[in-house]
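Residue numbers (the numbering used here): -10 to 184. Ideal placement from N, C-alpha and C gives every residue a C-beta, glycine not left out. Since we're looking at a predicted model, the values are computed, not measured. Down below is the structure, laid out as structure tokens.
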Amino acid sequence: TLTRTYANLAETVIVPTPAMESRLRSLGVVTPIAVIPSGIDVEHFAGGRRQAALRAALGADEEAVLILLVSRLGREKNTVLALDALTALGNPKAHLVLAGEGPQRPALVAAARAARLEDRVHFLGHVPREQLPDLYASCDAFVFPSLTETQGLVLAEALVAGLPIVAVDTPQTREVLAGAGRLVAARPDALAEAL
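Right, here's the structure in full:
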């Protein structure tokens, strides 16, 4: 009700994907909607370099697989699914790297500890924008468990950085990736199998 009422008070609503336009229409928004995708600095994210020192700081040797998630650590981002997928993966050389902060961090730290993954789940906190390209380039895959994105700019960043992407299948994610990533059901086993 709030979304519909608020959007219908505007002269125009801007959304980043056609899927978000459809979602707003399904909620009863009748105001004109303009689809304008958000952009990223392609040169910046394509310019990252794989850093052995960064991988080593995360406990990754040459055989390790670093799976990256760049996200606000909020419940709506479904980050716990990435933790569950790491468990389902069953690979002791796989590490999950979480770049971002948010209110769910304490619960995620506790979940990693309870699953005995604390040595393979790395909470980096906020990573400055200038350091993100090297972080992307130093990892081996990108995981995207969110079900609630309007666009997911980190997907575009990961693509530009050359990372293989495994994401939960949603209309918005499907549009952003346009076939460039692997889309799966929102289940730990499906993410693990794709990873």
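What span of residues does the alpha helix (DSSP H) with residue i cover, start to end?
{"i": "V143", "result": "142 to 150"}
Provide the residue span of the beta strand (DSSP E) that contains residue i, from first to last.
{"i": "H84", "result": "83 to 88"}
{"i": "L124", "result": "Counting along the chain, L124 falls outside any beta strand (DSSP E), though it belongs to the alpha helix (DSSP H) covering 121 to 127."}
Look at residue i and residue j and say whether their C-beta atoms are less than 8 Å apart.
{"i": "T6", "j": "V18", "result": "no"}
{"i": "V69", "j": "A103", "result": "no"}
{"i": "G89", "j": "V59", "result": "yes"}
Does DSSP put residue i in a helix, in a strand, or in coil?
{"i": "V116", "result": "coil"}
{"i": "R94", "result": "helix"}
{"i": "R171", "result": "strand"}
{"i": "A156", "result": "strand"}
{"i": "L(-9)", "result": "helix"}
With distance defined between alpha-carbon atoms, name the residue in the options nearest to residue i.
{"i": "L184", "options": "R38, A74, E10, I3", "result": "A74"}
{"i": "L72", "options": "P26, F133, R14, R39", "result": "F133"}
Determine the direct distance from the alpha carbon of residue j to that of residue i, and round the result to whole angstroms.
{"i": "D123", "j": "L(-2)", "result": "43 Å"}
{"i": "R94", "j": "R64", "result": "9 Å"}
{"i": "P117", "j": "D30", "result": "15 Å"}
{"i": "R163", "j": "T137", "result": "13 Å"}
{"i": "Q40", "j": "D50", "result": "12 Å"}
{"i": "A175", "j": "V155", "result": "11 Å"}
{"i": "E182", "j": "A147", "result": "20 Å"}
{"i": "S15", "j": "G79", "result": "40 Å"}
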